[in-house]
Every structure is written in C-alpha cells, then in structure tokens.
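One structure below.
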Amino acid sequence: MNKIVIILVLSFFSTVAFAQRIEQNAVPAVVLNAFQLKYPSAEDVSWKKEKANYLVYYKVNTKPHKLRMDYKGESIDHFQDLFLSEIPREVLTTIKGKISNFDLKDADLEERNGVSTYVTKFNTNGSNSYFWVSEKGELLKYRQEIREDEIPSPIVSFINSQYGKIKIERAKYVEDNGTNNYIIGGKINGKTNVFWFNTNNNMLKHTQDLKLSDIPESIKKVLRVDYKGFELRDADMIHVKDSQTYTIRLKSTNEEVRVTFDKYGKTLELN
C-alpha cells in the first residue's frame, strides 16, 4: 500500500483554493499584457497560478488589489481595498440598520461579471460582523459571530445527544438569500465538526474532518489504484439529509485535485 500522508486542514467557513506562487516571467504574455494595460501604475506586483487562472496581487496608490484572470487575460473578479470614506452612503445606511456602533476592520469592493459588491468587516461589542451589500444598498448577505450562550439551547442539546459532547470553537449567525442559519464549529472526540441549523433548530448539514482510518475502505481502494503517487491533504465527510459523501483533497508533484465520492467509492465530482 502506498504511504498516504494526512495534513488536516481546518476548513471552518472557508473554501480551499489551490494556488501556487509563480514568477512574472512564467505568466503568459496575453495575461501579462492585459494586466499591464489595465493597471499601468501597479506596484508591488506578485502572481499565483490557480488551476487555469492567474491571480495577481498589487497596489495602486498604496491600496491593495487582487485580480483573477483567465488564460486569455479576461478579468474574472477583482477586489480592491477601501477606506471607510469610500463606502457609499447607501451601503452604510443598510449596515447601520443592523448594527449601530461599530469599528471598521476591513472593506473591499468586489467586481464580478460587471456587478459591484461591497464586502465589509466590522467589530461590534467584541465580535465581528460581515456584510455583503450591493452598490444600491441591497443587503445580499450578513454574517455575525456569536457567543456560545447566544446559540439556541435546542441546537446544542441536539448535537450533544446525537454526536457527542461538542467543544464549541466558533459560532455564527448568517442571513443569505432569504434564509437564516446558525453555523456551529467545534471538536467532538478530537475531530473538527461543523453543523448548519435553520432558525427552527433543524439540522441542515454536518461535516467532519476525517483521519485515514475513518475513510471507508471502498474509497481507499480507489485512491490506491487511481491516485497512486498522490498524497492525501484533507478528508471530510459531508452529511446532508439522507445523503452522505466524502470529499478528498489530494496533491502530487504537479497537480492538486479534489474528489467527491459516495460511500461506495463512486466518483461524484472531480475538480
């Protein structure tokens, strides 16, 4: 059996993007030219390769920017750091409808497919609040860190009775596309678990970090045959309603992949 090395990556409220730093001379001319034409005054430029795309980090007038481009040099998305004074009044009005006293920690303008979104982080009474607001002031998404005593008690009781005593590490309340959810993350028997509940205290989703021994043998057989030479970077079990899948992140010398299997070892998604 090939040796598989496990590096457990905590993935609470985040996604993993496989990107590797590259030198500018490794950037295709069409991509580099498109960037330099659009931002001729860019400074402190650095590049990363993300699958077929290119990420470029730079500054304009001391302000940090991040731009993602495809292999043709077309912009996919762009993030620009902002000062509080640069946030439109309509956006601030929406934010003040949720929180009255706040300390701005970070603000970005995100541009994707011709649509501008203001992404902001505020500190309120010692906890962080995050807002995604359109340029017209429409609240798209809201996320607030909450204390353990602010989590509805039926949620904690359900987790403890069904999965074992949880040591809560993070908790958030999220409003997104008309749905309101709680997201609870913590350790159960030393393993990282994340739970999603709606405001009726019904569980929507559960994920758990896995050790090698936790991965079903049907999946390990596929890994040994189809992914020989790859190292296991992370493994997660995802439980949604009656569906249970396994997401495996693998890395070889020249490639990183993420594969989703069912419990029988059938590949459901590869990217």
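With mature numbering (1 follows the signal peptide of the UniProt record, and there is no 0) applied, the sequence shown covers -19 to -1, 1 to 252.
The beta carbon of each residue, even a glycine, is placed where N, CA and C say it ideally should be.
Secondary structure of residue i, DSSP reduced to three states
i              : result
valine 206     : helix
aspartate 19   : In the sequence on display, residue 19 carries lysine and not aspartate. Residue state, collapsed to three classes: helix.
leucine 251    : strand
alanine 152    : strand
isoleucine -14 : Residue confidence is low: isoleucine -14 scores 29 on pLDDT, short of 50, so the model does not pin down where it sits. No coordinate-derived value is stated.
aspartate 130  : helix
isoleucine 169 : strand
serine 224     : strand
threonine -5   : Interpretation of threonine -5 is limited by its pLDDT of 36, a score under 50 that renders its predicted location unreliable; no figure is taken from the coordinates.
aspartate 51   : coil
valine 12      : helix
alanine 7      : helix
proline 197    : coil
glutamate 67   : helix
methionine -19 : Confidence at methionine -19 is low in this model, with a pLDDT of 33, below 50, so the placement of that residue should be treated as unreliable; the coordinate-derived value is given next. Three-state result, methionine -19: coil.
asparagine 141 : helix
threonine 43   : coil
residue 253    : Coverage of the chain is limited to positions -19 through 252, which leaves residue 253 absent and any answer about it impossible.
isoleucine 136 : helix
threonine 75   : helix
threonine 188  : strand
tyrosine 245   : coil
lysine 232     : strand
Close-in-space but distant-in-sequence residues of the same chain around residue i (CB under 8 Å, 5 per side omitted)
i              : result
arginine 128   : Ser108 and Ala152
isoleucine 147 : Val137, Ile140, Asn141, Ile165, Gly167, Lys168, Ile169 and Asn174
alanine 88     : Asp62, Leu63, Phe64, Leu65, Glu67, Ile68, Tyr99, Val100, Thr101 and Lys102
Close Cβ partners of residue i (< 6 Å) along its chain, the five nearest in sequence each way excluded
i              : result
asparagine 162 : Val155, Trp177 and Asn179
lysine 40      : Glu24 and Asp25
valine 238     : Leu231
tyrosine 38    : Ser27 and Lys47
asparagine 158 : none
isoleucine 229 : Ala216 and Val240
Environment of residue i [buried if 16+ CB atoms lie within 10 Å]
i                : result
threonine 160    : exposed
glycine 166      : buried
arginine 70      : exposed
phenylalanine 64 : exposed
tyrosine 227     : buried
valine 96        : exposed
valine 72        : buried
phenylalanine 75 : With the sequence shown as reference, residue 75 is identified as threonine, and phenylalanine is not the correct amino acid for it. That one is buried.
leucine 251      : exposed
aspartate 215    : buried
tyrosine 52      : exposed
leucine 213      : buried
aspartate 217    : buried
leucine 36       : buried
phenylalanine -7 : Residue placement at phenylalanine -7 is poorly supported in this model, since its pLDDT is 31, which falls under 50; the coordinates are not used for a value here.
alanine 15       : buried
Selected residue, minimal CA-CA separation from residue i, among the options
i                 : options                            : result
glutamate 91      : Lys44, His59 and Val238            : His59
asparagine 141    : Glu131, Val114 and Asn174          : Asn174
arginine 49       : Leu191, Thr75, Asn94 and Ile149    : Asn94
lysine 79         : Leu249, Lys102 and Ala(-1)         : Lys102
serine 22         : Asn42, Trp113, Asp157 and Ser81    : Asn42
valine 12         : Pro45, Ala(-1) and Ser56           : Ser56
leucine 120       : Glu131, Pro135 and Tyr99           : Tyr99
glycine 54        : Asp130, Glu67 and Tyr20            : Tyr20
glutamine 225     : Asn181, Thr234, Ala(-1) and Phe242 : Phe242
phenylalanine 211 : Thr234, Asp223, Ser81 and Asp84    : Thr234
lysine 244        : Gln5, Pro9, Pro197 and Asp130      : Pro197
glutamate 131     : Glu116, Phe83, Ile149 and Val114   : Ile149
Short Cβ contact (7 Å threshold) for residue i with residue j
i              : j            : result
arginine 2     : lysine 29    : yes
arginine 124   : tyrosine 144 : no
asparagine 104 : lysine 86    : yes
leucine 189    : lysine 202   : Leucine is not the amino acid found at residue 189; the sequence shown has glutamine there. Against a cut-off of 7 Å, the Cβ pair of lysine 202 and glutamine 189 comes out as no contact.
glycine 246    : serine 194   : no
lysine 192     : valine 221   : no
asparagine 183 : proline 133  : no
Same chain, Cβ closer than 7 Å to residue i, neighbours up to 5 away in sequence not counted
i        : result
valine 8 : Trp28 and Tyr35
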